[in-house]
Structure formats: C-alpha cells, structure tokens
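Visitor: Please read through the structure below; I'll follow up with questions.
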Amino acid sequence: MELITTVSAWLIPCFIAIVLVTATFKKVPSYELFVEGGKEGVKMAFSLLPFLVGMIVSISILRSSGALEAFIQLISPLLTMVGIPPDIIPLALVRPISGTAALGMTTELIDTHGPDSFIGRLASTMQGSTDTTLYILTIYFGAIGIKKMRYALKVGLLADLIGIIASIVIVSILFG
Amino acid sequence: MVNVIWAAMALVGIFYAMLNGTMDKVNEAIFESANEAVTLSIGLISVLVFWLGIMKIAEEAGILSILARLFRPIVVRLFPDIPKDHPAIGYILSNFTANIFGLGNAATPMGIKAMEQMKQLSGDDTASRSMITFLALNTSSLTLIPTTVIAIRMQYNSVSPTEIVGATILATLVSSLSAIVIDRIFHYKSKWRT
Chain G
1 MELITTVSAW LIPCFIAIVL VTATFKKVPS YELFVEGGKE GVKMAFSLLP FLVGMIVSIS
61 ILRSSGALEA FIQLISPLLT MVGIPPDIIP LALVRPISGT AALGMTTELI DTHGPDSFIG
121 RLASTMQGST DTTLYILTIY FGAIGIKKMR YALKVGLLAD LIGIIASIVI VSILFG
Chain F
1 MVNVIWAAMA LVGIFYAMLN GTMDKVNEAI FESANEAVTL SIGLISVLVF WLGIMKIAEE
61 AGILSILARL FRPIVVRLFP DIPKDHPAIG YILSNFTANI FGLGNAATPM GIKAMEQMKQ
121 LSGDDTASRS MITFLALNTS SLTLIPTTVI AIRMQYNSVS PTEIVGATIL ATLVSSLSAI
181 VIDRIFHYKS KWRT
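Chains G and F are the protein sequences, given in the same order. Read in full-length UniProt numbering, the first sequence has 105 at position 105, and its numbers run on one by one without any break. Read in full-length UniProt numbering, the second sequence has 111 at position 111, and its numbers run on one by one without any break.
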C-alpha cells in the first residue's frame, strides 16, 4: 500500500518536472505555452457546462422520483435467480449512469456490510473496474461537438455489463 | 439514441412522480442538480486549465511524439485509422497512462485533447471508428490501482484495504478486452451493412 501511495504521489510532480526540463533544454517558451494551453481549458469547461447540466438533471429526475428504485426492486428477484447478490444490484445498475451516485452506494455498502465482507469486496471491485459510461460519453463527445454517436453507447454499456459480470465471477472465485 | 435515453430518463421520472406523489422531490432535484452540474463544470476549470497548459508544453517540447513512438506497435493496432506519429496517439497514450494510475482528473483533459485531434482527422460531426474505440476503452475503465476505493476501505478500517487490487486488475482486463472485441464486432457489422 505504501509503495502505491508513494508512486501516485510522485507521478504527477515528476511528470511536470520532466516536461519542464525538456522544454527548457529545447528552448521552448514554457510559460507562454502553458498560458496558451490553459486558455483552451477555460473555453472547454464552459462549452461542457450545458451538456453536464442536461444530463445530470435528467438523471436526478429519474432518481428523485423513486422510479429507478422501483425498477431495481422489480427486477431484483430475476437477477437474484441467476446468482447476483441482491444488495449489489442497485450499484450494478447505477454505475454506468451516475458516478457520484455509484460512489455513494459503494461507500454505503462498505459501511453496512464491512469492507472485508463479500459484498464489501464485490462493491470495491465493481467500483474500480468499470467507469461512468454516460458521463464519459457526455464529456468527450460534448467537448468536440459530435452529434452522431453511432454505436458508441451500445459498446460502452455492453462493456459495462461484462465488467460487472466479471467482477462478480472473479470476486466469487478469489474470496468466495 | 442519446436523445431518446435523455428524454426517457426525465419523462419516466416525471410520470412516475405523478402517480406516486413524489413530485415535490422531483421539483427540488431539478434545481439542486442543475446547480450541482454547474459546480462540477466550474470545478473542472482548474484541472482543465492546468493539464492543458502542461500538455501544451509537452507537445511543443516533443514529449508526446516520443511517447507515441515508444508505444506505436500497440496503438497502431488498436487505432488503425490514425496515422503513425500523429499527435492524437501521444494524447491517447497520456490518457491511458493517467487512467491506469487512477488519476481521473488528469485523464479527462488529455482524453478531450485526443478526441479533438481525432476530430481533426475525420473532419465531421459523426463519431469516427477510432473515437468509439477510444471511448469504449475509457468507459470500460483502465484503472489498475483504484485509489478512491482503497481510500474508502481504509476509512472503514479494512484489515487489508488493497486486497481488492488483484480482483480489480483482473476485472478491468476482462472488461477492457471485451470492450475492444465488442467495438470490433460493431465496427465490422456497420461496414458490412453499407
């Protein structure tokens, strides 16, 4: 653990040092370039704003109305039959839609079941091994103005499904 | 597809609230979450400005093309549409590296830059083949060291907070490999149709 923490702490400062040393050595105007690149960042953040507001509001309507919870309860018995632990189902369904909600659920599951329980380990693995597909799609396609996404969403969601199934199988084998 | 999903999420929520008397909660959530989204975008400014600034220097200093040259054999196979030595490959690699180490906030600006470069290659508002491959890999998560999860486990006094790293790496490998395979299947399917 200590090694991992050290590596993560050193990585970014070292990368910055390498960039600055190389730039100075090659006589590239580093400060001016930084400002130039940074200006793009400001523009980008503002162009992302409407995409994020639209997506996040729509998701929060679905969650706050209770419809998402009702849907989860409706299909839980089906998923329990194929061997998916019922406690993990809400997390599995929310993970591709909302990153903050998923992180909240993972924390809650670890809190109630304990970090070293089967559910705690499964929630940790699931949280770490998949990402918020809808958010990534919104940000990346929004930032560069892609209107026709073609099969991107289908690929993303299918990969999520496989990632979730893989987490359940792998955690069952390793810790079962 | 996204238009339908977006509208459906909101509509299902509103109609469900009509029938179940949760309309006040929905009303509250609309404005609270809009506020949240703005806070999130504003919060992104610091990260975007800082990383795009640093990456601009890295690009001009030639670090990105060195990175691209080092990993060319793998990336060329994953993204056959992108010309060798194109700056897009350097950004894609920086995004992958940041993701692998769990540095989510560094990964996003580099990912956006990579997408921008790929858009210059394709030149229209339709997602190109390499864009979708790139997204598929990002959504399947490339994280090998899930720092946030480890931090949460430590907070709740886990006996071994890092014991899930092995399981996470395995699950990530499976999901990323299947993302590549699924992406390829869809790509060839769309090619046959036209």
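Glycine is no exception: its CB is placed at the ideal position from the N, C-alpha and C atoms.
Within the 8 angstroms Cβ cut-off, does Asn138(F) reach chain G?
Guide: yes
Visitor: Figure out for me which residue from Ser64(G), Asp111(G), Met44(G), Ala143(G) has the closest Cα to the Cα of Val49(F).
Guide: Met44(G)
Visitor: Compute the Euclidean distance between the alpha carbons of Lys25(F) and Leu91(G), then round it to the nearest angstrom.
Guide: 22 angstroms
Visitor: Closest by CA to Asn27(F), which one among Gln127(G), Leu153(G), Ile61(G)?
Guide: It is Ile61(G).
Visitor: Would DSSP call Lys148(G) helix, strand or coil?
Guide: strand
Visitor: Go through its chain and collect everything with a Cβ distance to Pro109(F)'s Cβ below 6 angstroms, but skip five positions before and after it.
Guide: Excluding sequence positions up to five before and after Pro109(F), its CB lies within less than 6 angstroms of the CB of Leu48, Trp51, Leu52, all in the same chain and listed in chain order.
Visitor: Can you check whether the C-beta of Arg73(F) is within less than 8 angstroms of a C-beta belonging to chain G?
Guide: At residue 73(F) the sequence reads Pro, which differs from the Arg that was named. By this cut-off, Pro73(F) is not an interface position.
Visitor: Would a C-beta distance cut-off of 8 angstroms place Ile54(F) and Val42(G) closer than the cut-off?
Guide: no
Visitor: In chain order, what residues of the segment 72-91 of chain F put their CB closer than 8 angstroms to some CB of chain G?
Guide: Correct list: empty, as no residue qualifies.
Visitor: Name the chain G residues whose beta carbon is nearer than 8 angstroms to that of Trp6(F)?
Guide: Gly54, Met55, Ser58
Visitor: Taking only beta carbons into account, state which residues of the segment 107-122 of chain G come closer than 9 angstroms to chain F, listed in chain order.
Guide: Thr107, Ile110, Asp111, Gly114, Pro115, Asp116, Gly120, Arg121, Leu122
Visitor: Listed from N- to C-terminal order along the chain, which residues in the segment 27-43 of chain F have their beta-carbon within a distance smaller than 8 angstroms of any beta-carbon of chain G?
Guide: Glu28, Ala29, Ile30, Glu32, Ser33, Ala34, Glu36, Ala37, Val38, Leu40, Ser41, Ile42
Visitor: Considering only residues of the same chain and omitting the five flanking positions on each side of His86(F), which have a CB-CB separation below 8 angstroms?
Guide: Ala68, Gln117, Leu121
Visitor: With 7 angstroms as the C-beta to C-beta threshold (strictly closer), list the residues of the segment 147-158 of chain G near chain C in chain order.
Guide: In the structure shown, chain C does not exist; the protein chains are G and F.
Visitor: State the CB to CB distance for the pair Leu48(G) and Ser41(F), rounded to an integer number of angstroms; the pair is presumed to be in contact (CB under 8 angstroms).
Guide: 5 angstroms
Visitor: From Ile35(F) to Glu60(F), what distance separates their C-alpha atoms?
Guide: With the sequence shown as reference, residue 35(F) is identified as Asn, and Ile is not the correct amino acid for it. C-alpha separation (whole angstroms): 38 angstroms.
Visitor: Where does the unbroken alpha helix (DSSP H) through Ala45(G) begin, and where does it stop?
Guide: 30-64
Visitor: What is the DSSP secondary structure of Thr24(G), counted as helix, strand or coil?
Guide: helix
Visitor: Does any residue of chain F have a CB that is nearer than 8 angstroms to the CB of residue 177(G)?
Guide: In the structure displayed, chain G extends from 1 to 176; residue 177(G) sits before or after that span and is not available.
Visitor: Beta-carbon within less than 7 angstroms of Gly111(F)'s beta-carbon, same chain only, minus the 5 sequence neighbours each way: which residues are those?
Guide: Asn95, Asn138
Visitor: State the Cα-Cα distance for the pair Thr112(G) and Ile168(G), rounded to the nearest angstrom.
Guide: Linking Thr112(G) to Ile168(G) through their CA atoms gives a straight-line distance of about 19 angstroms.
Visitor: On the three-state DSSP scale, how would you describe Thr130(G)?
Guide: coil
Visitor: Residues of chain F with a CB under 7 angstroms from the CB of Met44(G): which are they?
Guide: Leu48, Ile112
Visitor: Have a look at Leu33(G), Ile165(G), Phe51(G), Leu134(G) and flag the residue whose alpha-carbon is nearest the alpha-carbon of Ile84(G).
Guide: Looking at the Cα atoms, Ile165(G) is the closest of the given residues.
Visitor: If you measure from the beta carbon of Asn20(F) to each beta carbon in chain G, is any gap under 8 angstroms?
Guide: yes
Visitor: Cα separation between Ala29(F) and Ser190(F)?
Guide: 39 angstroms
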